[in-house]
Amino acid sequence: MIEKEVYISNDKYNLRIGYQEVDHLRAELNRMSMDFWGFDFENYYQSGYWDNTCILYSLFDGDQMVAHTTLSILETTTGGEVLQLGQIGTVMTAANYQRKGLARFLMEEIQHDYQDVLDGYFLFANETVLDFYPKFGFTPVAEYQPTLSILLGNTPANKATRLNLDLETDRLLFERYVTDTKATSRFYTRNFGLTFFYCYAYPDFGFKDAIYFLPQLDTVVVAQYEDDTLHVFEIFQKQEVSLREVIQILATRETRRVVFGFTPQTDLPVDLQQYKEEDLTLFVTERLVGLFTHEKLMVPLLSHT
Numbered sequence: 162m163i164e165k166e167v168y169i170s171n172d173k174y175n176l177r178i179g180y181q182e183v184d185h186l187r188a189e190l191n192r193m194s195m196d197f198w199g200f201d202f203e204n205y206y207q208s209g210y211w212d213n214t215c216i217l218y219s220l221f222d223g224d225q226m227v228a229h230t231t232l233s234i235l236e237t238t239t240g241g242e243v244l245q246l247g248q249i250g251t252v253m254t255a256a257n258y259q260r261k262g263l264a265r266f267l268m269e270e271i272q273h274d275y276q277d278v279l280d281g282y283f284l285f286a287n288e289t290v291l292d293f294y295p296k297f298g299f300t301p302v303a304e305y306q307p308t309l310s311i312l313l314g315n316t317p318a319n320k321a322t323r324l325n326l327d328l329e330t331d332r333l334l335f336e337r338y339v340t341d342t343k344a345t346s347r348f349y350t351r352n353f354g355l356t357f358f359y360c361y362a363y364p365d366f367g368f369k370d371a372i373y374f375l376p377q378l379d380t381v382v383v384a385q386y387e388d389d390t391l392h393v394f395e396i397f398q399k400q401e402v403s404l405r406e407v408i409q410i411l412a413t414r415e416t417r418r419v420v421f422g423f424t425p426q427t428d429l430p431v432d433l434q435q436y437k438e439e440d441l442t443l444f445v446t447e448r449l450v451g452l453f454t455h456e457k458l459m460v461p462l463l464s465h466t
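When we follow the working numbering, the leftmost residue of the sequence shown carries the number 162, and every step to the right adds one.
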């Protein structure tokens, strides 16, 4: 943990960074997160999958947390290039401390600390703060979600096996694939801890029961079924396998449409539809503007913070 005394507009605060191991400080984070977002970080911490890519930046007034930002570091492979990116998330400021420059201070602190480490940043902002992030070099860009219409005849006899992450053997198998996977997305974001945040620590998200092992393809897929639609959120594979083969195994006789939660690397005739999650807008820094503008990508849904 890093802790230091700072002054913002002549008011004194304690800046604390990376303190999740300290119970009473983590309790303050949980309290504030529950107030703002309706969830807390405790399950994630207790799961054991919180790693050093999830970094807390918080301002305290005495014992009370009054402002917070989370930095998540992701390794991204796109266009044959490996980039280290930071995602800004869970930004919040207590009501009595708003308009005092606290969020600005945390953003500037993060950008200063990682100026020689990260190649760029991205974040999702709601409509109330669209004018705030351009002050820090962020530009709004559109996302595009791929969909695929399919018509299958007989589905293969060898189907997928759903993993039970409450079983150690299944959980360790999933860990191996998440760790060693080939990039399957045109904007692939590698983050071990964040994958288990969604797929293990918080069952209410619905992904814990949506993990399928395809042994014949040496592949694990996070997918859900909804009427005639197959939602594919992530693919982990140790050897490159065609998307067509993956879909052939996952699809049922009722499946007519596949909706992807990422931009797959494929030559299949996917349709790209502009995507916007509720009132959120994707903002990116300069290194990523051209990429999202020209390539029509989406940030993988399981990489959002």
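From the three backbone atoms N, C-alpha and C, an ideal C-beta is built for every residue, glycine too.
- In terms of Cβ geometry, residue 279 and residue 250 do not form a close pair [threshold 8 angstroms].
- Scanning 380, 390, 412 and 417 for the CA closest to the CA of residue 400 turns up 380.
- Following the DSSP letters along the chain, one finds residue 403 in no alpha helix (DSSP H), marked with neither H nor E.
- For residue 444 against residue 300, the beta-carbon gap comes to about 7 angstroms, under 8 angstroms, which counts as contact.
- Listed as beta-bridge partners of residue 322 by DSSP are 374.
- In this structure, residue 191 lies near residue 203, with their beta-carbon atoms less than 8 angstroms apart.
- Take the alpha-carbon of residue 194 and the one of residue 200: they are about 6 angstroms apart.
- Counting the other Cβ atoms within 10 Å of the Cβ of residue 198 gives fewer than 16, which makes it exposed.
- Residue 259 holds the alpha-carbon nearest to the alpha-carbon of residue 170 among 243, 215, 162 and 259.
- Approximately 7 angstroms separates the beta-carbon atoms of residue 311 and residue 418; this is inside 8 angstroms, confirming the contact.
- The stretch 425–436 makes no contact with the stretch 287–301; the number of CB pairs closer than 8 angstroms stays below 3.
- Annotation for residue 253: the continuous beta strand (DSSP E) segment containing it runs 242–254.
- Assignment of residue 349 by DSSP, reduced to helix, strand and coil, places it in the strand class.
- DSSP, reduced to helix, strand and coil, places residue 457 outside both helices and strands of the structure shown, so it counts as coil.
- In the DSSP annotation of this structure, the continuous segment of the beta strand (DSSP E) that includes residue 444 starts and ends at 442–445.
- Annotation: the continuous beta strand (DSSP E) that includes residue 220 extends over 215–222.
- The bridge partners DSSP lists for residue 392 are 385 and 420.
- With respect to the 8 angstroms criterion, residue 394 and residue 462 are classified as neighbours on the basis of their beta carbons.
- Ranked by Cα distance from residue 405, the first of 459, 369 and 309 is 309.
- Shown here for residue 167: same chain residues with a beta carbon closer than 6 angstroms to its own, the five before and five after excluded, namely 174 and 176 in chain order.
- Ranking 255, 402, 356 and 244 by CA distance to the CA of residue 446 puts 244 first.
- Annotated as distal: residue 350 and residue 208, with beta-carbon spacing of 8 angstroms or more.
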